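Accompanying notes for the structure given below.
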C-alpha cells in the first residue's frame, strides 16, 4: 500500500510534467511581471489597464498568423516594457532562443544592466527560470541570459558576426531607426538577422522604434507596409471612435503665455471634453489596411498615461520656432517622422547678413569658445561667443600658417588660445574651452599639446561619421587610451552638421541664431570673408540607397569645408561644457563668479581629469 507521503510526491511530480495552461503575453505579464525600482517610475506588479493599448500589441505573439509586428511610437508610451514582457513570456512559457537587437553593440552592457537584469531580479517567476540555467558554463553573462530550452542574446546591429550565427525563433529589434544601413559589409542587419529564423515555422519578429527622418525611417517603412493600426478612443460626447492627434487639442494660455488648460475636440460632433474624460474611454485598435503577416501600430504621447496634454502643448509652443527642437518634439512626442530637406545653404545670403559689432565681444555674449582644424601646413581657428538660448556670434576666424613639425607654430597656437577679447564695457573675455581636431598626420602632436593643457579645457577630438548609415550622437563619450593620456572627445560629425545647418537657416535673432560680423571691402572682417562662407556651405545633405536601404550622407560640393567642421566642433564643445547660458552672467575675466564645468553623464561618464 502506498504511503500518504509517497502519494503526495507522485502528485507533485505529475504537476511538474503537466502541460502549462495556454496564456497570452498580457496574461503572463499580469501574473508574473514585476516592474523594478531601478528601471521604472511606477515599480510593482505590471498592470495592463494602466496602458490598455499595450494588450493587443503583446498578444500578437500568441496569434499564429502574425509573423511580424512593427511599433512606431513616441517616447514614454511603454514600448520598451512591451519588448521586455514578450522576452519574459517566451523565456517562461515557450522557451526558445531569442535575439534582443540594439543599434550598436556598445549599448549591450547598459541595456543588460538597466533593463534585462532588473526585470529578472524583480520578478520571482523569472528569477527561478533564469536561475535554473546557472549551473551551465557561461550561461549568464552581460550579453547572454540562458534559461532551460533557450537563451536571450543581446546583439548590436553593427556586428555582423553576432547577426549570422545560430538559429533563433524570436527577434526583438529595438530602435531600428538608429540601425546602420549595413552590418559591416554583410548588408542590411535586419535582413541578416531575419535569416536566422527561417527554420522556425512559428518565428516572431518585433520591430520597435521612435521614428526619425522620413526619408530613411525603417520603422515608418515597416508601418506603412503593415495593417497600419491606430489606437482610437470614443468621444465622450458622441462615442465616435477616433485617433487623436495634435489637431484635436484645444488650449488656452494666460497673459504670460503659460498653458493653463487643454481639452480635446471631437472631429465628428465638435464636442469639447477634458483629457481625463477622453482617456477614461475604452479604446481599440483599428486597422486601416490588410496585411498577410505584419501588424503595425502607431502610438503618440497623446494617449500615454504618463504624459499630460498640458506638457505636450507646452513642449510644442517651446519648440515651434526652433527646427531642431521641433524635430525632437515631432519624433519623441508625436511618434511621427521628420522630413529633412536637402536644400543648399546660400553663402551670399549668409555673408550679406553680417552685422556691425561695437566691440570685439558683442552685447549678449556670455562665454567664448575656440575650435581648431589641423591641416598639414596650418591651423584654422574660430572663436565664437555664446549667449542665451545657444545664440552665437562669430568673434574671429584666424589661420596660422607654418610647418607643424616646428614648435613655433604650436607656440603661436598656444598664445592665440590665451588671448582676451573685450566688450563695450571694457570687460575682458578669455576662452573657456577648446577642441582641436586630431585627425590627419599630426595626431600624436595634438595629443601631446592637449594633454599638457587639460587644465585650460583644451581637448583633442576625434570625429566619427555614420558608419554605414548608423547614428552617432554629437557628444559620443571620450577616451584617454593613448601614450600621452590625453583626453580625446568623440563627436558625431553628421549629427553636428545637421544641427549647424538648422541653426544657419534661422531668420530671426534669438535661440540658435548665428551672428557674423559685417564683411566690407578694405575693412578688418575678423577673418569672415568670402572664402569663409564658401567653406561654411561646402556640403549638402543628400539621400542615397545602399543594398536596398535608404540613408543620408553629407556630400561635399566644394573641397574646403573647415569653417563648417569648426562650427560642428563648437556645438559639441558647448554640449560637453553644458553651461547654463540662460541664467549665467557674462563670464568676463576677473569676475570669477561664473564657472563652466563639463557636463556629467552616468552612462558615458566625463573626462575624469576635468
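Residue numbers (UniProt numbering): 1 to 610. Backbone N, C-alpha and C define an ideal beta-carbon position, used for all residues, glycine too. None of these values were measured; they are calculated from a predicted model.
Can you tell me whether DSSP reads residue 263 as helix, strand or coil? strand
Please go through the same chain and pick out, in chain order, the residues whose beta-carbon is closer than 8 Å to the beta-carbon of residue 436, but skip the five residues on each side of it. 371, 372, 374, 446, 449, 450, 458, 459, 460 and 461
Over what stretch of residues does the alpha helix (DSSP H) that includes residue 293 continue unbroken? Neither: residue 293 is in no alpha helix (DSSP H) and is coded neither H nor E.
Per DSSP, which residues does residue 233 bridge with? Please list them. Looking at the DSSP output, residue 233 shares a beta bridge with 242.
From residue 586 to residue 385, what distance separates their C-alpha atoms? 10 Å
Looking only at DSSP bridge pairs, what is residue 611 linked to? Coverage of the chain is limited to positions 1 through 610, which leaves residue 611 absent and any answer about it impossible.
Sorted by chain position, which residues of the same chain lie with C-beta nearer than 6 Å to residue 286's C-beta, five sequence neighbours on each side aside? 230 and 232
From the DSSP secondary-structure annotation, give me the bridge partner or partners of residue 423. 361
Per-residue DSSP class, three states only, for residue 191: helix
Does the Cβ of residue 528 have 16 or more other Cβ atoms within 10 Å, making it buried, or fewer, making it exposed? buried
Please work out which residues of its chain come closer than 6 Å, Cβ to Cβ, to residue 149, disregarding the five sequence neighbours upstream and downstream, and give them in chain order. 95
Residue 36 to residue 141 span [Cα, whole Å]: Note on geometry: alpha-carbon atoms of residue 36 and residue 141 lie some 20 Å from one another.
Classify residue 430 as helix, strand or coil using the three-state DSSP reduction. coil
Alpha-carbon to alpha-carbon, residue 190 and residue 303: 29 Å
Rounded to whole angstroms, what is the Cα-Cα separation between residue 165 and residue 177? 23 Å
Collapsed DSSP secondary structure at residue 181 in the structure displayed: coil
With 16 other CB atoms within 10 Å as the buried threshold, where does residue 137 fall? Only weak support exists for where residue 137 lies, its pLDDT of 45 falling under 50; the value from the coordinates is given anyway. Counting Cβ neighbours within 10 Å, residue 137 comes out exposed, since fewer than 16 surround it.
Of the residues 512, 68 and 250, the one placed nearest residue 273, counting alpha carbons only: 250
Any idea which residues DSSP pairs residue 375 with across the strands? 378
Proximity below 7 Å, CB of residue 382 to CB of residue 518: no
Under 7 Å between C-beta atoms of residue 295 and residue 25: no
Using DSSP with H/G/I as helix, E/B as strand and the rest coil, what is residue 441? Annotated three-state conformation of residue 441 is coil, per DSSP.
According to DSSP, simplified to helix, strand and coil, what is residue 207? Strand, per DSSP.
Pop quiz: residue 475 and residue 324 are said to be a contact at Cβ under 8 Å. What is the actual Cβ separation, rounded to whole angstroms? Contact flag wrong, Cβ pair sits at about 15 Å.
Could you name the residues of the same chain whose beta carbon sits closer than 7 Å to that of residue 112, not counting the 5 residues immediately before and after it, in chain order? The residues are 142, 143 and 154.
Round the Cβ separation of residue 697 and residue 203 to the nearest angstrom and send it over; I've been treating them as touching at under 8 Å. The structure shown does not extend to residue 697, since the chain spans only 1 to 610, so no value can be given for it.
Take the Cβ of residue 162 as the centre, count every other Cβ of all protein chains shown within 10 Å, and call the residue buried at 16 or more, exposed below. Counting Cβ neighbours within 10 Å, residue 162 comes out buried, since at least 16 surround it.
According to DSSP, what are the bridge partners of residue 517? 355
Would you tell me roughly how many angstroms separate the C-alpha atoms of residue 350 and residue 395, rounded to the nearest one? So the alpha carbons of these two residues sit roughly 15 Å apart.
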